[in-house]
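A.B. asks: Heads up: take any position in the sequence shown, counting from 1, add 6, and you land on the working numbering. Ideal Cβ placement from N, Cα and C applies to all residues, glycine included. Dumping the structure here so I can ask a few things about it.
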Amino acid sequence: TAVSAAAKPSLRGIIQANSLSFVMEAHDALSATIAERAGFKGLWASGLSIASSLGYRDANEASWTQLVEVVERMADAASIPILVDGDSGFGNFNNARLAAKKLFQHGAAGICLEDKGFPKMNSFVGDRHPLAEVSEFCGRLRAVKDTLASEDFVLVARVEALIAGYGQEEALMRAHAYADAGADAILIHSRKADASEILSFAKDWSNRLPLVIVPTKYYRTPVDEYRAAKISTVIWANHNMRAAVLAMRQVCERILREETIAGIENEVATLDDVFDLLNYRELAEAEGRYLPSV
Ligand code: SPV
Ligand code: MG
7 TAVSAAAKPS
17 LRGIIQANSL
27 SFVMEAHDAL
37 SATIAERAGF
47 KGLWASGLSI
57 ASSLGYRDAN
67 EASWTQLVEV
77 VERMADAASI
87 PILVDGDSGF
97 GNFNNARLAA
107 KKLFQHGAAG
117 ICLEDKGFPK
127 MNSFVGDRHP
137 LAEVSEFCGR
147 LRAVKDTLAS
157 EDFVLVARVE
167 ALIAGYGQEE
177 ALMRAHAYAD
187 AGADAILIHS
197 RKADASEILS
207 FAKDWSNRLP
217 LVIVPTKYYR
227 TPVDEYRAAK
237 ISTVIWANHN
247 MRAAVLAMRQ
257 VCERILREET
267 IAGIENEVAT
277 LDDVFDLLNY
287 RELAEAEGRY
297 LPSV
């Protein structure tokens, strides 16, 4: 399909903007298309959501090549930039730079790496989240930066110190080390039900680099508090996947129970909607141009 010439906001532009930005989770080409059409300016290729859609646990059960394949389909489908959840980088500096390079080659605009080991576990599961040693993790960041030095590829360093039960001081020390190592932004993560530790981190961080947050657990905080705290970007990290789980379960239960699809016809997307999302019209036009006329 033809590539649009219109200027699209870059991931770097989103993250460095003076106003708060919102990045939406997608986990396949369809959810990426839906998020873009809804109006989002950037996508989060969520490790949790991609793993879930593949039937894996968010514990590095999916391989990095599977991640690359999913991201490639997303990048083909959507023209807005994709920040890819690269987990802890699939190993050491060498695995991290290889994954980052392949993700870039297949359409990612940036990668987020978290300061844990391999395999990682989802930050909201259990309480065993051993942190990587700071200088070793900085090596992973530097390797990614060096490998893609000539490209406009965004590197987000994710601090898991609060998730792992360390305090603010450890989190700040790590964030500064990751900034020194060349990160373009810091993602500070929290599993608390309120934004207190995120907001106090933001205060002490004083915007040395843009801050990215994932308010999955502290969802009640109004986003104006993030604007006031000069936070750069909010990631709505898993809500397309969770919306799909609920909608699919409801439709399965109803069809099973009612033994007819008549009741749910108006509660599912129309086929024309699906054909429009996947741009079937373009294929019909191309057939007119390229197939011999009969
Ligand atoms: C993801 O979406 O996979 C994330 C965010 O890493 S979280 O699940 O909140 O850790
Ligand atoms: Mg993740």
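Does DSSP put R226 in a helix, a strand or coil?
C.D. replies: In the sequence shown, the residue the question calls residue 226 occupies position 220. Of the three classes helix, strand and coil, the one that applies to R226 here is coil, per DSSP.
A.B. asks: Going by DSSP, what residue range makes up the alpha helix (DSSP H) through F130?
C.D. replies: Translated into the one-based positions of the sequence shown, residue 130 becomes position 124. First-last for F130: undefined, no H or E at that position.
A.B. asks: Hey, how far is the Cα of I117 from the Cα of E176?
C.D. replies: Indexing the sequence shown from 1 puts residue 117 at position 111. Indexing the sequence shown from 1 puts residue 176 at position 170. Approximately 23 Å between the Cα atoms of the pair.
A.B. asks: Given E78, which residues of its chain have a CB within under 7 Å of its CB, disregarding the five upstream and five downstream residues?
C.D. replies: Locating residue 78 in the sequence shown gives position 72, counting from the first residue. Closer than 7 Å at Cβ, skipping near neighbours: H112, G113.
A.B. asks: Can you check which of these residues, L89, D93, K151, S55, is closest to W70 by C-alpha distance?
C.D. replies: Taking the first residue of the sequence shown as 1, we reach residue 70 at position 64. With distances taken between Cα atoms, W70 lies closest to D93.
A.B. asks: Leaving aside the five residues before and after Y184 along the sequence, list all residues of the same chain whose C-beta is less than 8 Å from its C-beta, in chain order.
C.D. replies: In the sequence shown, the residue the question calls residue 184 occupies position 178. Same-chain partners within the cutoff: D121, F143, C144, L147, A163, V165, I192.
A.B. asks: F96: buried (16+ other C-beta within 10 angstroms of its C-beta) or exposed?
C.D. replies: Counting from one through the sequence shown, the residue named residue 96 turns up at place 90. The residue in question, F96, is buried, as its Cβ has 16 or more Cβ neighbours within 10 Å.
A.B. asks: On the CB-based measure, 16 or more other CB atoms within 10 Å of its CB, does R103 come out buried or exposed?
C.D. replies: Translated into the one-based positions of the sequence shown, residue 103 becomes position 97. Looking at its Cβ environment, which holds 16 or more other Cβ atoms inside 10 Å, R103 is buried.
A.B. asks: If you measure between the beta carbons of A35 and A68, is that distance less than 7 Å?
C.D. replies: One-based indexing of the sequence shown puts residue 35 at position 29. One-based indexing of the sequence shown puts residue 68 at position 62. Contact: no.
A.B. asks: Across the region 40 to 57 and the region 258 to 274, are there enough close Cβ pairs to call them in contact, namely three or more that are closer than 8 Å?
C.D. replies: Touching, no, given that fewer than three Cβ pairs across the two stretches are closer than 8 Å.
A.B. asks: CA-CA distance, G173 and S129?
C.D. replies: One-based indexing of the sequence shown puts residue 173 at position 167. One-based indexing of the sequence shown puts residue 129 at position 123. Each residue's alpha carbon lies about 16 Å from the other.
A.B. asks: Whole angstroms are fine: how far does the CA of K151 sit from the CA of D186?
C.D. replies: Translated into the one-based positions of the sequence shown, residue 186 becomes position 180. Translated into the one-based positions of the sequence shown, residue 151 becomes position 145. Answer to the nearest angstrom: the Cα atoms are 12 Å apart.
A.B. asks: How would you label F281, buried or exposed, when you count the other beta carbons within 10 angstroms and need 16 or more for buried?
C.D. replies: By one-based count along the sequence shown, residue 281 stands at place 275. Label assigned to F281: exposed.
A.B. asks: Between A32 and A38, is the Cβ-Cβ spacing less than 7 Å?
C.D. replies: Residue mapping note: residue 32 aligns to position 26 of the sequence shown, counting from 1. Residue mapping note: residue 38 aligns to position 32 of the sequence shown, counting from 1. For A32 and A38, yes; Cβs fall inside 7 Å.
A.B. asks: May I have all residues whose beta carbon comes closer than 7 Å to any heavy atom of the ligand MG, sorted in chain order?
C.D. replies: Going by the Cβ distance cut-off, the answer is S52, G53, L54, D64, D91, D93, N128.
A.B. asks: Please name the residue or residues paired with V165 in a DSSP beta bridge.
C.D. replies: Here residue 165 refers to the residue found at position 159 of the sequence shown. Answer is I194.
A.B. asks: Reducing DSSP to helix, strand and coil, say where F99 ends up.
C.D. replies: Counted from its first residue, the sequence shown places residue 99 at position 93. F99 falls in the helix class under three-state DSSP.
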